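Number of protein chains: 2
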Amino acid sequence: VPKLSGNLLIGQSGGPTPVINASLAGVLSEAKKMPEIEKIYGMKNGIEGALKKEVYDLTQEPGDLVEKLLYTPASALGSCRHKLTKAEEYEQLLDLFKANNIRYFVYIGGNDSMDTCHKISKLAQEENYDMQVVGVPKTIDNDLPITDHCPGFGSAARFVALSTVESGRDLEAMKTFDDVAIFEIMGRHAGWLTAASALGKRCEEDAPHLIYLPERTFDEEQFLKDVKAVYDKLGYVYVALSEGVRDKDGEFIGAKDAATDAFGHKAISLSDGPAAYLAKLIKDKLGIKARVNRPGTIQRAMSSLASKSDVEEAFRAGQAAIQYFTQGLTDVMVTLDRIAGEEYKIEIGKAPLEKVANVENFMPDHFINEAGNFVTKEFYDYCLPLIGEPIPEYARLVGKPIKLK
Amino acid sequence: VPKLSGNLLIGQSGGPTPVINASLAGVLSEAKKMPEIEKIYGMKNGIEGALKKEVYDLTQEPGDLVEKLLYTPASALGSCRHKLTKAEEYEQLLDLFKANNIRYFVYIGGNDSMDTCHKISKLAQEENYDMQVVGVPKTIDNDLPITDHCPGFGSAARFVALSTVESGRDLEAMKTFDDVAIFEIMGRHAGWLTAASALGKRCEEDAPHLIYLPERTFDEEQFLKDVKAVYDKLGYVYVALSEGVRDKDGEFIGAKDAATDAFGHKAISLSDGPAAYLAKLIKDKLGIKARVNRPGTIQRAMSSLASKSDVEEAFRAGQAAIQYFTQGLTDVMVTLDRIAGEEYKIEIGKAPLEKVANVENFMPDHFINEAGNFVTKEFYDYCLPLIGEPIPEYARLVGKPIKLK
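Protein chains in written order, with our numbering: chain A, 17 to 421; chain B, 17 to 421.
Now the structure itself:
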């Protein structure tokens, strides 16, 4: 199939991940090999840049950019949270594509961004403008459907797994002084990242002891019972808590005053999150101290702790976008498909954009225990390969304490 | 000098660090070579364990313990925050030492723990009980005097430096949506760890933009002016804020209801810290959004990001404690002395315990800029060698945005 010669427009959107730049690197390295692509333009702050006609000419950047992007956190092009709604915005975009001979469009992002991507693809088709559109998945939330998992999740999961088990050892060491630690973890609707807190746990003493996910209704009474039971047994309790836990009425726990973002999501991670609220509840009702660990954006930014397999898959997903152009494909998102078998292996696949736009993929029931306060062995099997190198086996004394004279 | 044959009692105390176990490893590996040491007892939860006569017999642990301790976070023996005050506690301890032939005592800890260590040393001397006492420094706060720096600081500083610059890239990428991020960093009285947030910054755009230390009086009006000035210039502001900032009356910012610990310190890092308070202030007064990153105990626990030089120095400090026993020394703390010269080099030294007990070492004036909201080049020179491998040079686009047609 002969391809049109023209320019590539690429953007990054939504909350950054440690490897969204690795996907950009994959796109860039592959786009340079595709003869039909002339200029590579990077939208400044995603679709907002396209609306303002502000782009970076990536064809002009130094040759070491691709290599550096592999370990650079956040979005090198800048990101945004902009929902396309107005008719004049579509017109503006179509004008931009036409005026600048944009024939290839890549958008790296999550659910909302895949919606943007799909709308642009539809726009081009409806207006008979010949432009191929491919989405590259990206989200620490791991909530895109069809793909086995999302680039970005494995690295954030690695940070959460390591920081939980390591700060859990801190709490355990301080148990004569501290009582409870609550780690508030990102994930507005899906609990994947919170669930990943379990991955470093090797024994009962290791953190976390309790995990609360948005997939289950949060009940304050039951929570206090759970905390008390662990406390009575171990003398300390480490709780992994999703920022998105909600009560039976669907209200976010402790987030009555939260602001709302452009997509109508409540921004619950400003100063009042559920962890601070529950720490107070524990103090009031159980009379024990609770600390809050809330790394906030640190958990989605730490490329220093990126999962090696995540970096590699993010890069491959970026390359695939360009390969799909050469195959004549459009209106698809790149997927990571897991090949059944003993050894972890991924094959690059694809899904129609309309099937992923705005669809959220929650944790399935068999990944959550019956009590709704921990994960299952099946979740470990699913998730462990995604975080790269195994979590170290830290020292733990073998002998029990003895009584001196 | 012929030494007494007897048993070694060792404890870890105060807030854990990523390398306090590396010091324990150093003590253990060296103690095994000292013929006079028979049994090695590890106090369960520091001096509290000694008071309860609860110890681990470390002589019985498997041979790979030392190696594993080198990368194990927190305190393998358990820690405590117990201040020796009562006369009967001293009696109990003396009885314990005598009944169990404890002739060697090592305590790994910070200011408060060196006070405990010194009191025990004095007790033995006053009661004519022949026991050598050595303190091994440990604190992420880096606030012990005489020593160039404290084991534990370099690793926590590495985490803070990396997480600041990496989550700073996140904020920068999201600047069309987010405005301000406040990273609340540990250090009740000394600003060393907060200052380390600067170490990954290579240009104006990189985080942090403002640093507030307990060494300077915090003024809310000036803070708002500082934030606004950076915001007007860059469109986003990353603030590194010590949890210990105080106003002109000496009151912790936003911590009116805070609880008090056994040493009389206000425990300001529970649910209400200064960052949450200031985020609200920014929203109210400047009308812009502020996020809070507060990793809490994660910042002092992450052995996964430990500084290699810190691990090595912590190990050497532990070894030195035993070497000082063979040299007939007592009532001293091990110090790390920096040797002047181009290349970073450390020599192991010592300081009398009475000169370090309860003494806090604050940041000197020449490490803080005139405005009191950033660090100086001299601080970089002092601190960069302590965090081990250099912070990566992340990608940053060279070209300026262009305007498409």
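The C-beta atom is built at its ideal place from N, Cα and C for all residues, glycine as well. What you are looking at is a predicted structure, and each value in this text was computed from that prediction instead of being measured.
DSSP links Glu-363/B through a beta bridge to Asp-353/B. Excluding sequence positions up to five before and after Thr-75/B, its CB lies within less than 7 angstroms of the CB of Lys-55, Ile-56, all in the same chain and listed in chain order.
With respect to Ala-206/A, Pro-167/A sits apart: the two C-beta atoms are not nearer than 8 angstroms. Leu-20/A counts as exposed, since fewer than 16 other C-beta atoms from the protein chains shown sit within 10 angstroms of its C-beta. Taking every protein chain shown into account, the CB of Pro-89/A has 16 or more other CB atoms within 10 angstroms, so this residue is buried.
Nearest CB-CB separation between Asp-186/A and chain B: below the 8 angstroms threshold. In the DSSP assignment, Phe-199/A falls outside any alpha helix (DSSP H) and within the unbroken beta strand (DSSP E) covering 196-201.
Following the DSSP letters along the chain, one finds Tyr-120/A inside the beta strand (DSSP E) bounded by residues 118-125.
Taking a 10 Å sphere around the C-beta of Tyr-398/A, we find 16 or more other C-beta atoms and assign the residue as buried.
Residues are counted here when their Cβ sits less than 7 angstroms from a Cβ of chain B; for the region 71-85 of chain A these are Val-71, Tyr-72, Asp-73, Gln-76, Glu-77, Pro-78, Leu-81, Lys-84, Leu-85, given in chain order. Counting only residues of its own chain and dropping the five nearest sequence neighbours on each side, Tyr-247/A has a CB closer than 8 angstroms to the CB of Asp-195, Val-196, Val-253, Leu-302, Ile-304. Rounded to whole angstroms, the separation of the alpha carbons of Gly-94/B and Phe-169/B is 19 angstroms.
Proximity of Ile-304/B to chain A, defined by a Cβ-Cβ separation below 8 angstroms, is not satisfied. Between Val-152/A and Glu-70/A, the alpha-carbon positions lie close to 21 angstroms from each other. DSSP places Ala-256/A in the strand class (E or B) of the three-state scheme. Listed along chain A, the residues sitting closer than 7 angstroms to Glu-64/B by beta-carbon distance are Thr-192. With a beta-carbon spacing of about 22 angstroms, Ser-323/A and Arg-204/A fall beyond the 8 angstroms limit used to define contacts. Against Met-318/B, the close residues of chain A are Leu-178, Ser-179, Glu-182, Ser-183, in the order they occur along the chain (beta-carbon pairs closer than 8 angstroms).
Pairing Ala-245/A with Tyr-360/B, the inter-Cα distance amounts to about 51 angstroms. Rounded to the nearest whole angstrom, the C-alpha separation of Ile-355/A and Gly-365/A is 11 angstroms.
At a cut-off of 8 angstroms between beta-carbon atoms, Val-255/A makes no contact with chain B.
A distance below 8 angstroms separates the beta carbons of Asp-242/A and Leu-226/A. Apart from sequence neighbours up to five positions away, the residues of its chain that approach Val-176/B with a beta-carbon distance below 7 angstroms are Ile-201, Leu-209, Ala-212, Ser-213, Gln-315, ordered along the chain. Interface flag for Arg-218/A against chain B is unset, since no Cβ pair is found closer than 8 angstroms. Of all residues in the region 229-248 of chain B, none has a C-beta nearer than 8 angstroms to a C-beta of chain A. In summary, Pro-78/B is exposed, with fewer than 16 beta-carbon neighbours lying within 10 Å of its beta-carbon over all protein chains present. Under the three-state reduction of DSSP, Phe-268/A is assigned to strand. Taken atom to atom, the span from the alpha-carbon of Gly-334/A to that of Val-43/A is near 4 angstroms. Interface annotation, Gly-203/A: not in contact with chain B, CB-CB separation never under 8 angstroms. Neighbours of Pro-406/B in chain A, taken as residues at a C-beta separation under 7 angstroms, are lacking, since the least C-beta distance is about 12 angstroms. For Phe-121/A, the closest alpha carbon among the candidates Asp-131/A, Asp-128/A, Asn-127/A, Ser-137/A is that of Ser-137/A.
In this structure, Val-149/B places its C-beta atom within 8 angstroms of the C-beta atom of Ala-140/B.
Secondary structure of Pro-290/B (DSSP, three-state): helix. For the region 92-109 of chain A, the beta-carbon criterion of a distance under 9 angstroms to any beta-carbon of chain B is satisfied by Ala-92, Leu-93, Gly-94, Ser-95, Cys-96, Arg-97, His-98. Contact annotation: in the region 311-340 of chain A, residues whose CB is within less than 8 angstroms of a CB in chain B are Pro-311, Gly-312, Thr-313, Ile-314, Arg-316, Ala-317, Met-318, Ser-319, Ser-320, Leu-321. Taking the Cα of Ala-387/B as reference, the smallest distance to any Cα among Leu-297/B, Asn-116/B, Arg-232/B is reached at Arg-232/B.
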